[in-house]
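Numbering that gives the first Met the number 0 numbers the first residue of the sequence shown as 0 and each following residue consecutively. For glycine and all other residues, C-beta sits at the position ideal for the given N, C-alpha and C. Report on the structure given below.
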Amino acid sequence: MLSLGVTHMVHSRSGRRGGFTLIELLVVIAIIAVLVGLLLPAVQKVREAANRMSCSNNLKQMGLALHMYHDTFKKFPYGANDDGSDNVGVVAYLPWGVFLLPYLEQQNLYNKFNPKVIFNLPPNNTDVPDPTLNPAANSVKVYNCPSSPSNGVVYQDTWDNSGDAYGPYSGNPTWTVSASDYIAISGMLGRFVNPYFPVPDHDGVLNDNFQVSIKMITDGLTNTWMVGECGGAPDVWVKGKLFASPPYDPSSTGFYISGNAWADETNGDQWIGGNSYDGLNPVSGGPCTINCANIQGFYAFHTGGANFLYGDGHVQFVGESVDPKVVIMLISFRDGQVVPDYE
0 MLSLGVTHMV HSRSGRRGGF TLIELLVVIA IIAVLVGLLL PAVQKVREAA NRMSCSNNLK
60 QMGLALHMYH DTFKKFPYGA NDDGSDNVGV VAYLPWGVFL LPYLEQQNLY NKFNPKVIFN
120 LPPNNTDVPD PTLNPAANSV KVYNCPSSPS NGVVYQDTWD NSGDAYGPYS GNPTWTVSAS
180 DYIAISGMLG RFVNPYFPVP DHDGVLNDNF QVSIKMITDG LTNTWMVGEC GGAPDVWVKG
240 KLFASPPYDP SSTGFYISGN AWADETNGDQ WIGGNSYDGL NPVSGGPCTI NCANIQGFYA
300 FHTGGANFLY GDGHVQFVGE SVDPKVVIML ISFRDGQVVP DYE
């Protein structure tokens, strides 16, 4: 009898199944959730740091290309070329982004453009999204910041009667382009500059009126911007949030729109006008120039500021709270002002 009882007990124990109880499983899930919650922000910070570094490297490549262009032609390229005779506003030929292509290992793409033809007419733009048929629809990696949602998206651009709109805008011609997250700095709007300094509107290095040489930059290459971030096209972004997407009527939104596409003439015709600090009043301008809206100002998808390419080729991250007077000094290449310390 005793042996039978022992045998029964052994069989009973060996028949039990191993595994987690419900409570144990919930505890494990909770621990995993806590670990993910702790690690995810760190992973996101690492990813953004890598994206910001990649964005900075893009600008450095543009800086090298700009100086190689200068070595060849003894001047920097137009922001947006007019008719080649320095006559203001005669014909808008190709922008700076096209002329840098040979120095960015994109000679084959450059060969598809004709610098004697207006930027939105064939062969420069055939208004189709197929990059094999339309050179302006090609996404060029160096012109796209990895933090931006645009990712070289192909879209239709146009202008309204005031010359500023995202398209298609009813009744006006369109052209199809690939977005860029960087803009040439050609100058400033008078309403932004006048409260601070008597600086000419067209006073940026990548000018749309005339070509600038290094010897003309009397403020010093290290104190002068050439290219800045302005991402998110063709959408309008305000204070980190999506505000509007095309097509829309700019008269109903109150927004001036600049074409942020590397093969779009308006990318090289950037007059910084500033925004209100809420980013909602760009038509009237304002003191905010970084990360308020991607209209008439600089806009990056990095926390706290944006990257800028300087005349000597170095790239610096500038905080979004920078004094507008400092921005004016950095845009103008010959204002004679001493740039104070800034971050």
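By the 16-neighbour rule on beta-carbons within 10 angstroms, L37 is exposed. Between the C-alpha atoms of V26 and R51 there is a straight-line separation of about 38 Å. Secondary structure at G267: helix, using DSSP grouped into helix, strand and coil. In the structure shown, K240 falls within a strand segment according to DSSP collapsed to helix, strand and coil. The three-state reading of DSSP puts A299 in coil, since its state is none of H, G, I, E or B.
Annotation for N306: the continuous beta strand (DSSP E) segment containing it runs G304 to Y309. Distance check between N208 and each of M61, F112 and P76 places P76 closest, using alpha-carbon atoms only. Secondary structure at G186: strand, using DSSP grouped into helix, strand and coil. Note that the C-beta distance between W270 and M215 is not below 8 Å. Going by DSSP, G273 is part of no beta strand (DSSP E) at all; its letter is neither H nor E.
When Cβ pairs closer than 8 Å are counted between the two stretches, the stretch 218-230 is seen not to touch the stretch 100-116, the count staying below three.
Of all alpha-carbon atoms in V139, G96, V176 and F316, the one lying nearest the alpha-carbon of T125 is that of V176. Distance from the CA of K73 to the CA of W95, rounded to the nearest whole angstrom, comes to 15 Å. One Cα belongs to D263, the other to V204, and the distance between them is close to 18 Å. D218 sits buried, since 16 or more C-beta atoms from the chains shown fall within 10 Å of its C-beta. For W224, the enclosing beta strand (DSSP E) stretches over residues W224 to E228.
Ranked by how close their Cα comes to the Cα of I330, the residues G296, I117 and D70 have G296 in first place.
Under the criterion of beta carbons closer than 8 Å, A292 and W224 do not qualify as touching, at roughly 19 Å. For G318, the enclosing beta strand (DSSP E) begins and ends at V314 to G318. In the same chain as L220, and ignoring 5 residues on each side of it, the C-beta atoms closer than 6 Å to its own belong to G310 and D311, in chain order. DSSP lists V153 as the bridge partner or partners of S177. Separation of T131 and L241 (C-alpha to C-alpha, rounded to the nearest whole angstrom) is 31 Å.
Beyond the five residues adjoining it in sequence on each side, F332 comes within less than 8 Å, by CB distance, of D202, G203, V204, V211, M215, I216, T217, D218, T223 and G310 in the same chain, given in chain order. Judged by DSSP in its simplified three-state form, V116 adopts coil rather than helix or strand. When Cβ pairs closer than 8 Å are counted between the two stretches, the stretch 313-323 is seen to touch the stretch 52-65, the count reaching three or more. G267 is a Cβ neighbour of A79, given a cutoff of 8 Å.
In this structure the stretch 143-152 does not lie against the stretch 105-115, because fewer than three pairs of beta carbons, one per stretch, are closer than 8 Å. Around V116, the same chain offers Y92, P122 and N123 as residues with beta carbons nearer than 8 Å, after the five sequence neighbours per side are excluded.
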